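A.B. asks:
Residue numbers (this note's numbering): 16 to 450.
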């Protein structure tokens, strides 16, 4: 089957899935440098030595020449105050209540993914089952997105997220959205509170750089899933808060969280859960779907990379092939120490027609290796992660499971496992880790 026919099959599957057993939630329509002088220096005496300190330059944003429809935001982002939609996009979005006169991108960057808004329905009333109940339909090697907040651990199988892309949930009393864009292999979790109010998110039917564009059902602002940034609407330029998550196997999850809960297949929609409508998409050499940007040829487009954006402004990509070979990467970027774990046993969600039959790509975790003011270093032996300082053993979610440090938890660093093309499109200055 050639790629054109393959994507026609994918599109037909997704469009067929637009007919739910219970209707998708309808969208709501509610709108809503000054230089500082140094301290005086006393006249020096024989006993005193005068120390000259240069004046500090005030921090300023470089001057930018703006058009009449542009505003410079505090973080340097340019906000456009005009509607530049094409006639096709205007027709597609005519019934939306999005404020198109407030945007940080050109609407030419948006492409229709095929299904209309909410055609890929979000899960807004998620139901959960125990690990024992889930094992009746979920194989041990199947990938799940794990979230653990305030002692509340949950797993969201990609066999379900592949068909829905967004789950509106509350975990550990934190309202959040669990998101997955199959086209970018991007699993990301955000808080879903705007102006102190928990709001629901849905799929817009639009893509940018092949990535899911979401919308919130209060202001109908469009949001980039990859970055959590408001693109168009009343919240354009605002940033959603990332929450730590990881893609691990169902076996990994239930071993780390025996009392954790798993998203149920009882979603209210009829879907072929467990089957992959994107079979073969992660094959090296494949071209990204509906990506019209320039590919960064430092790595193959759909090569998997473990990615972090650090508080010091450094973006790093760890190629999965390098991580598999090394097992553990002990690293330091700027002043930030970090350690990257990898263990086998997790199937790709985007390989074989049946997810459980797909190739083993493993699971990853990224952590701060400083525990109680002590820097730990790690190695992997026979799929067991061990710290060199105490000989304690650790699992993929950063828990010490045996040894002197048993019961300890490493601080999680927010990371994701993306396809290279998507990470490079949004983070073009990224550093690629070299061993």
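The beta-carbon is built from N, C-alpha and C at its ideal position, and this holds for glycine as well.
All of these numbers come straight from a predicted model, not from anything done at the bench.
With DSSP as the reference, label residue 339 as helix, strand or coil.
C.D. replies: The residue given as residue 339 occupies position 324 in the chain shown. In the structure shown, residue 339 sits in a helix (DSSP, three-state: H, G or I).
A.B. asks: Just to confirm, are residue 454 and residue 261 a CB contact at a threshold of 7 Å?
C.D. replies: Outside the shown range of the chain, which is 16 to 450, sits residue 454, and nothing can be said about it.
A.B. asks: Measuring alpha carbon to alpha carbon, tell me which of 263, 165, 307, 181 ends up nearest residue 223.
C.D. replies: Numbered from its first residue, the chain shown carries residue 223 at position 208. Of the listed residues, the one whose Cα sits closest to residue 223 is 307.
A.B. asks: If you run the structure through DSSP and keep just helix, strand and coil, what is residue 66?
C.D. replies: Position 51 of the chain shown, counting from 1, holds the residue named residue 66. Because residue 66 sits at a pLDDT of 40, beneath the cut-off of 50, its placement in the model cannot be relied upon, and the following sentence gives the value as read from the coordinates. Residue state, collapsed to three classes: coil.
A.B. asks: Using DSSP bridges, identify the partner residues of residue 196.
C.D. replies: For the purposes of this step, residue 196 is taken as residue 181 along the chain shown, with counting starting at 1. For residue 196, which the question treats as bridged, DSSP gives the partners 201.
A.B. asks: Report the rounded CA-to-CA distance for residue 109 versus residue 139, giving the unit in angstroms.
C.D. replies: On the chain shown, residue 109 is found 94 positions in, with the first residue counted as 1. On the chain shown, residue 139 is found 124 positions in, with the first residue counted as 1. Each residue's Cα considered, the two are about 25 Å apart.
A.B. asks: Just list the residues that DSSP pairs residue 414 with in beta bridges.
C.D. replies: Taking the first residue of the chain shown as position 1, residue 414 is located at position 399. 424, per the DSSP bridge assignment.
A.B. asks: Take residue 328 as the anchor and find which of 275, 446, 84, 298 has the nearest alpha-carbon.
C.D. replies: Locating residue 328 in the chain shown gives position 313, counting from the first residue. Nearest of 275, 446, 84, 298 to residue 328, Cα basis: 446.
A.B. asks: How many angstroms separate the CA atom of residue 312 from the CA atom of residue 433?
C.D. replies: Here residue 312 refers to the residue found at position 297 of the chain shown. Here residue 433 refers to the residue found at position 418 of the chain shown. For residue 312 and residue 433, the distance between alpha carbons rounds to 16 Å.
A.B. asks: Determine the closest residue to residue 426 out of 409, 117, 435, 335, with distance taken between C-alpha atoms.
C.D. replies: The residue you call residue 426 lines up with position 411 of the chain shown. Among 409, 117, 435, 335, the Cα nearest to that of residue 426 is on 409.
A.B. asks: Does DSSP put residue 386 in a helix, a strand or coil?
C.D. replies: As a working mapping, residue 386 is identified with position 371 in the chain shown. Strand, per DSSP.
A.B. asks: Using alpha carbons as the reference points, say which of 202, 153, 219, 361 lies closest to residue 112.
C.D. replies: Sequence index remark: in the chain shown, residue 112 carries index 97 (1-based). For residue 112, the nearest C-alpha among the options comes from 219.
A.B. asks: With residue 174 as the anchor, note down where its beta strand (DSSP E) starts and where it stops.
C.D. replies: Counting from one through the chain shown, the residue named residue 174 turns up at place 159. Segment 173-179 is the alpha helix (DSSP H) holding residue 174; no beta strand (DSSP E) there.
A.B. asks: Using the three-state DSSP reduction, which class does residue 269 fall into: helix, strand or coil?
C.D. replies: Counted from its first residue, the chain shown places residue 269 at position 254. Note: residue 269 maps to helix in three-state DSSP.
A.B. asks: Around the C-beta of residue 273, are 16 or more other C-beta atoms found within 10 angstroms, so that it is buried, or is it exposed?
C.D. replies: If you number the chain shown from 1, residue 273 lands on position 258. Residue 273 comes out exposed.
A.B. asks: Indicate the three-state DSSP secondary structure (helix, strand or coil) for residue 318 in the structure shown.
C.D. replies: Taking the chain shown and counting its residues from 1, one reaches residue 318 at position 303. Residue 318 falls in the coil class under three-state DSSP.
A.B. asks: On the DSSP letters alone, give me the boundaries of the beta strand (DSSP E) that residue 218 sits inside.
C.D. replies: Residue mapping note: residue 218 aligns to position 203 of the chain shown, counting from 1. Per DSSP, residue 218 belongs to the beta strand (DSSP E) from 216-223.
A.B. asks: Return the residue from the list 372, 394, 115, 438 that minimises the CA-CA distance to residue 322.
C.D. replies: Within the chain shown, the letter at position 307 stands for residue 322. Among 372, 394, 115, 438, the Cα nearest to that of residue 322 belongs to 438.
A.B. asks: Buried or exposed, going by whether 16 or more other CB atoms sit within 10 Å of the CB of residue 372?
C.D. replies: Taking the chain shown and counting its residues from 1, one reaches residue 372 at position 357. Classification of residue 372: exposed, given that the 10 Å Cβ count is below 16.
A.B. asks: Apply the 10 Å Cβ neighbour rule to residue 106 and answer buried if 16 or more other Cβ atoms are within range, or exposed otherwise.
C.D. replies: Here residue 106 refers to the residue found at position 91 of the chain shown. Residue 106 should be labelled exposed.
A.B. asks: Determine whether the beta carbon atoms of residue 269 and residue 172 lie at a separation below 7 Å.
C.D. replies: As a first step, residue 269 must be located in the chain shown, where it is residue number 254. As a first step, residue 172 must be located in the chain shown, where it is residue number 157. Their beta carbons are not under 7 Å apart, which means residue 269 does not touch residue 172 by this criterion.
A.B. asks: Would residue 244 and residue 214 qualify as a contact pair, given that the criterion is a beta-carbon distance under 7 Å?
C.D. replies: Locating residue 244 in the chain shown gives position 229, where the first residue counts as 1. Locating residue 214 in the chain shown gives position 199, where the first residue counts as 1. Not a contact, by the Cβ cut-off of 7 Å.
A.B. asks: Does DSSP classify residue 231 as helix, strand or coil?
C.D. replies: Residue numbering aside, residue 231 sits at position 216 when the chain shown is read from its first letter. Residue state, collapsed to three classes: strand.
A.B. asks: So is residue 291 buried or exposed if we call it buried at 16+ other beta carbons inside 10 Å?
C.D. replies: Stepping through the chain shown from its first residue, residue 291 is reached at position 276. The residue is buried, with at least 16 neighbouring Cβ atoms inside 10 Å.
A.B. asks: How big is the Cα-Cα spacing for residue 152 and residue 264?
C.D. replies: Counting from one through the chain shown, the residue named residue 152 turns up at place 137. Counting from one through the chain shown, the residue named residue 264 turns up at place 249. Distance between the alpha carbons of residue 152 and residue 264: 14 Å.
A.B. asks: With DSSP as the reference, label residue 367 as helix, strand or coil.
C.D. replies: What you label residue 367 is simply residue 352 of the chain shown in a count that begins at 1. Three-state result, residue 367: coil.
A.B. asks: Who are the near neighbours of residue 280 in its chain, counting only those whose CB is closer than 8 Å to its CB and skipping five residues on each side?
C.D. replies: For the purposes of this step, residue 280 is identified with residue 265 of the chain shown, where counting begins at 1. Within the same chain, residue 280 has close Cβ partners 152, 175, 288.
A.B. asks: For residue 331 and residue 194, I'd like the C-alpha separation in whole angstroms.
C.D. replies: Start at 1 with the first residue of the chain shown, and residue 331 comes out as number 316. Start at 1 with the first residue of the chain shown, and residue 194 comes out as number 179. Answer to the nearest angstrom: the Cα atoms are 22 Å apart.
A.B. asks: Quick one: Cα of residue 389 to Cα of residue 319, how far?
C.D. replies: Numbered from its first residue, the chain shown carries residue 389 at position 374. Numbered from its first residue, the chain shown carries residue 319 at position 304. Cα to Cα, residue 389 sits roughly 31 Å from residue 319.
A.B. asks: Would residue 255 pass as a contact of residue 205 if the rule is Cβ separation under 7 Å?
C.D. replies: The residue you call residue 255 lines up with position 240 of the chain shown. The residue you call residue 205 lines up with position 190 of the chain shown. Yes, these two residues count as a Cβ contact at 7 Å.
A.B. asks: With DSSP collapsed to three states, give me the class of residue 302.
C.D. replies: By 1-based counting over the chain shown, the position of residue 302 is 287. Coil at residue 302, not helix or strand.
A.B. asks: Since residue 377 and residue 339 should fall inside the 8 Å C-beta cutoff, what is the C-beta to C-beta distance between them, to a whole number of angstroms?
C.D. replies: Within the chain shown, residue 377 is the residue found at index 362, counting from 1. Within the chain shown, residue 339 is the residue found at index 324, counting from 1. 7 Å between Cβ atoms; contact.
A.B. asks: Is it right to say residue 114 is buried, meaning 16 or more other beta carbons lie within 10 angstroms of its own, or is it exposed?
C.D. replies: Stepping through the chain shown from its first residue, residue 114 is reached at position 99. Buried is the call here.
A.B. asks: Taking all protein chains shown into account, do 16 or more other C-beta atoms lie within 10 angstroms of the C-beta of residue 314, making it buried, or fewer, making it exposed?
C.D. replies: Taking the first residue of the chain shown as position 1, residue 314 is located at position 299. When all chains shown are included, residue 314 counts as buried.
A.B. asks: Am I right that residue 506 and residue 257 are in contact with their C-beta atoms under 8 Å? What's the rounded C-beta distance?
C.D. replies: This structure cannot settle anything about residue 506, because the visible part of the chain is limited to 16 through 450.
A.B. asks: What does DSSP give as the partner residue(s) for residue 442 in the beta ladder?
C.D. replies: The residue labelled residue 442 in the question sits at position 427 within the chain shown. Its beta-bridge partners do not exist; DSSP assigns none.
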